[in-house]
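Residue numbers (our numbering): 2 to 101.
Here a beta-carbon is modelled for each residue, glycine too, at the ideal position from N, C-alpha and C.
Notes follow the structure.
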């Protein structure tokens with residue numbers, strides 16, 4: 002199976018997000034890469050489900066709380082940008098202050 006670099010990136014993001022989801026379900030606090038992957042994957046899936054950019058920008062701030070991540074992680078993530086595929090094309094979704 003041949004994958005493009007973009008497809009490889011998406012697959013790696015999905016794998017990291019799946020790991021983060023499992024750890025979160027077990028009550029573990031997420032670290033920086035896990036938190037970014039968790040939020041990014043949720044945005045990609047939301048775009049696939051037909052949500053708008055504005056909806057996803059708001060949704061991205063509701064996924065994780067300060068209590069669900071390790072100390073210092075919220076300050077390390079001032080914003081997250083994800084290039085998501087929507088029914089009308091690819092768009093950049095920016096979530097400002099995703100962990101409050």
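Would residue i and residue j qualify as a contact pair, given that the criterion is a beta-carbon distance under 8 Å?
{"i": "residue 66", "j": "residue 100", "result": "yes"}
{"i": "residue 35", "j": "residue 20", "result": "yes"}
{"i": "residue 38", "j": "residue 14", "result": "yes"}
{"i": "residue 83", "j": "residue 74", "result": "no"}
Whole angstroms are fine: how far does the CA of residue j sit from the CA of residue i?
{"i": "residue 60", "j": "residue 44", "result": "8 Å"}
{"i": "residue 50", "j": "residue 91", "result": "14 Å"}
{"i": "residue 30", "j": "residue 4", "result": "32 Å"}
{"i": "residue 85", "j": "residue 96", "result": "13 Å"}
{"i": "residue 2", "j": "residue 26", "result": "32 Å"}
{"i": "residue 7", "j": "residue 52", "result": "22 Å"}
{"i": "residue 80", "j": "residue 54", "result": "15 Å"}
{"i": "residue 10", "j": "residue 48", "result": "17 Å"}
{"i": "residue 98", "j": "residue 70", "result": "14 Å"}
On the criterion of 16 or more Cβ atoms from any shown chain inside 10 Å, does residue i qualify as buried, or is it exposed?
{"i": "residue 57", "result": "buried"}
{"i": "residue 42", "result": "buried"}
{"i": "residue 18", "result": "buried"}
{"i": "residue 28", "result": "exposed"}
Bridge partners for residue i per DSSP, in chain order?
{"i": "residue 126", "result": "Residue coverage of the chain in this structure runs from 2 to 101, which leaves residue 126 outside it and unanswerable."}
{"i": "residue 87", "result": "90"}
{"i": "residue 12", "result": "Answer is none; residue 12 lacks a bridge partner."}
{"i": "residue 65", "result": "100"}
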